[in-house]
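Residue numbers (the numbering used here): 61 to 492.
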Ligand code: UD1
Ligand code: CA
């Protein structure tokens, strides 16, 4: 049995934010959820240490237990808050930092495997800029101690091996060490990192497992959040391409943690996939499109400059063209909405054609209403469909119509002022 304690009680002062640091999103979900996803694959039990008044964070970590660290007295103090929740637990316990969300399942497994050779193991890295990270002081394979940047001498700051912030030991050792921590240091905090010196003093083996900085970097500021986002995006793009999608200009495509792209999906430059998007095989998403919580059927063509909002389903081989916005709309197979339209709360039958400039007037200022357009219907350009309204199968609306009443199947509806011709009128006006 293995348990993990995730520390997330800090407000993250350097983020200058109204929400806890670990609630900031990476690829469309709170960073804590990324860490939990990796941890869930490896640990049987997870306890998250949160700060007071962080109800949204407690909800975000459910169903895992959350314990509150009432006072922020340091990472060692925070880890100790989980002791009661893990009472009676006898296996290995790892402590992870909520602000290090990029660590992978594979690296966590390597760390746990290293426990075979040492009583205490930790993850370390050699960052390009060691900056404020704690430095790992070694002697041969043994890690003697970790010195925090604030407490380090110049010589210690010159050490390139840095503490990534994951330690693992048997529960009985870990909680004994945590109980004996002091806070006589520059920051007057109970440092989790001091357990290393304790284990070393007890003559136990302490080993560092190294992993790339790309997955161990901490997030303390908005700038570091952006660096982490870039790393996650790179991973997601790689996975999308390995799955058979073509990203013509990968760096310009923004993916979410749950974006699903089928085989032979082609994504042109500058496309944003907000959470909840599935694109089926062979569809093309053209440049500058924005998709969120929607499904795109096989062979469909979206964009350029299209916006698919939540609840939209685009059928097989359907087309959604430039400056077309679909919201909570089902577009049937082979249907087309190619230019300058807003279609919301609508059902559009297979093969229907929505002319340029068509608008569903779905909102009357109080409630939303539905529009139904039958199979093979032809909606003339610049039609306003005042919902609730139905246009039957193969019916036609004349260009410029304001449709307020249902149109029967196969009928033609014309609802616009007639053109009036007054010969010579402009010239006469000028004379008078
Ligand atoms: C910590 C490590 C440092 C390491 C770095 C890696 C310590 C003392 N230092 O420094 O060696 O190189 O991470 O990124 O552990 N937290 C609490 N309660 C507290 C204090 C912190 O829950 O009282 C949480 C924070 O929310 C955060 C994590 O612990 O998720 C780490 O705390 P932070 O203050 O960011 O530590 P660093 O200074 O980055
Ligand atoms: Ca940190």
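Think of the CB as a built atom: it goes at the ideal place given N, C-alpha and C, for glycine as much as any other residue.
For this session: Please list, in chain order, all residues of the same chain as residue 75 whose beta carbon is under 8 Å from its beta carbon, the five residues on each side excluded.
Result: 81, 84, 280, 281, 282, 285
Exercise. For ligand 2, is there a heavy atom less than 8 Å away from the beta-carbon of residue 223?
Worked result: no
Exercise. Is it right to say residue 114 is buried, meaning 16 or more other beta carbons lie within 10 angstroms of its own, or is it exposed?
Worked result: buried
Exercise. By the 10 Å Cβ neighbour count, where 16 or more other Cβ atoms means buried, how is residue 66 classified, buried or exposed?
Worked result: buried
Exercise. If residue 228 and residue 264 are in contact, beta carbons under 8 Å, what's the gap, nearest whole angstrom?
Worked result: Contact between residue 228 and residue 264 does not hold, since their C-beta atoms are separated by about 13 Å, which reaches or exceeds 8 Å.
For this session: Identify which residue in 254, 180, 341 has its Cα closest to the Cα of residue 269.
Result: Sorting 254, 180, 341 by C-alpha distance to the C-alpha of residue 269 places 180 at the top.
Problem set entry | DSSP beta-bridge partners of residue 396 | 379, 413
For this session: Could you check what DSSP says for residue 124 in three-state terms: helix, strand or coil?
Result: In this structure, residue 124 counts as coil in the three-state DSSP scheme.
Problem set entry | Residue nearest to residue 394 in terms of C-alpha spacing, selected from 383, 435, 425, 193 | 435
Exercise. Residue range of the alpha helix (DSSP H) that residue 282 falls in?
Worked result: Its alpha helix (DSSP H) spans residues 282–302.
For this session: State the start and end residues of the unbroken alpha helix (DSSP H) segment that holds residue 260.
Result: 255–261
Exercise. What three-state label does DSSP hand residue 408 in the structure shown?
Worked result: strand
For this session: Determine which residues share a DSSP beta bridge with residue 350 and list them.
Result: 332, 367
Problem set entry | Local Cβ density within 10 Å of residue 182, reported as buried at 16 or more and exposed below that | buried
Problem set entry | Range covered by the alpha helix (DSSP H) that runs through residue 135 | 135–140
Exercise. Can you tell me the Cα-Cα spacing of residue 315 and residue 483, whole angstroms?
Worked result: 59 Å
For this session: Could you pull out every unbroken alpha helix (DSSP H) segment of at least 4 residues lying fully inside the stretch 177–238, listed in chain order?
Result: Whole alpha helix (DSSP H) segments, 4+ residues: 214–217.
For this session: Could you tell me if the beta carbon of residue 68 falls within a distance shorter than 8 Å of some heavy atom in ligand 1?
Result: At least one heavy atom of ligand 1 falls within 8 Å of the beta-carbon of residue 68.
Exercise. Just to confirm, are residue 455 and residue 471 a CB contact at a threshold of 9 Å?
Worked result: yes
For this session: Say whether the stretch 357–365 touches the stretch 376–383, bearing in mind that this needs 3 or more beta-carbon pairs closer than 8 Å, one atom from each stretch.
Result: Because the criterion of three Cβ pairs below 8 Å is met, the stretch 357–365 and the stretch 376–383 touch.
For this session: Taking 8 Å as the threshold, find out whether the stretch 130–137 comes into contact with the stretch 188–207 through three or more Cβ pairs.
Result: no
Exercise. Can we say the stretch 159–172 touches the stretch 104–122, given the rule of at least three CB pairs closer than 8 Å?
Worked result: no
Problem set entry | Identified DSSP bridge partners for residue 89 | 86
Exercise. Does the beta-carbon of residue 464 have 16 or more other beta-carbons within 10 angstroms, so that it is buried, or is it exposed?
Worked result: The residue is exposed, with fewer than 16 neighbouring Cβ atoms inside 10 Å.
Problem set entry | Sub-9 Å separation of residue 426 and residue 450 beta-carbons | no
For this session: Please find out if some non-hydrogen atom of ligand 1 comes closer than 8 Å to the beta-carbon of residue 350.
Result: no
For this session: Could you tell me whether the stretch 235–242 touches the stretch 284–301, where touching means 3 or more Cβ pairs closer than 8 Å?
Result: no
Exercise. Within 8 Å: the Cβ of residue 278 and any heavy atom of ligand 2?
Worked result: yes
Exercise. Within 8 Å: the Cβ of residue 250 and any heavy atom of ligand 2?
Worked result: no
Problem set entry | Paired residues, beta bridge with residue 445 - DSSP | According to DSSP, which records beta bridges pairwise, residue 445 is partnered with 420, 463.
For this session: Report back the beta-carbon spacing between residue 322 and residue 302 to the nearest angstrom; my notes put them in contact at under 8 Å.
Result: Going by Cβ atoms, the distance from residue 322 to residue 302 rounds to 13 Å, so no, they are not a contact pair.
Problem set entry | Contact under 9 Å by Cβ, residue 335 with residue 352 | The criterion of a C-beta distance shorter than 9 Å is satisfied by residue 335 and residue 352.
For this session: Alpha carbon to alpha carbon, how far is residue 313 from residue 307? Give it in angstroms, no decimals.
Result: 8 Å
For this session: For residue 163, I'd like the list of residues in its chain whose CB is within less than 8 Å of its CB, leaving aside the five on either flank, ordered along the chain.
Result: 95, 98, 156, 183, 224, 226, 271, 275, 276
For this session: Could you have a look at residue 77 and say whether DSSP puts it in helix, strand or coil?
Result: coil
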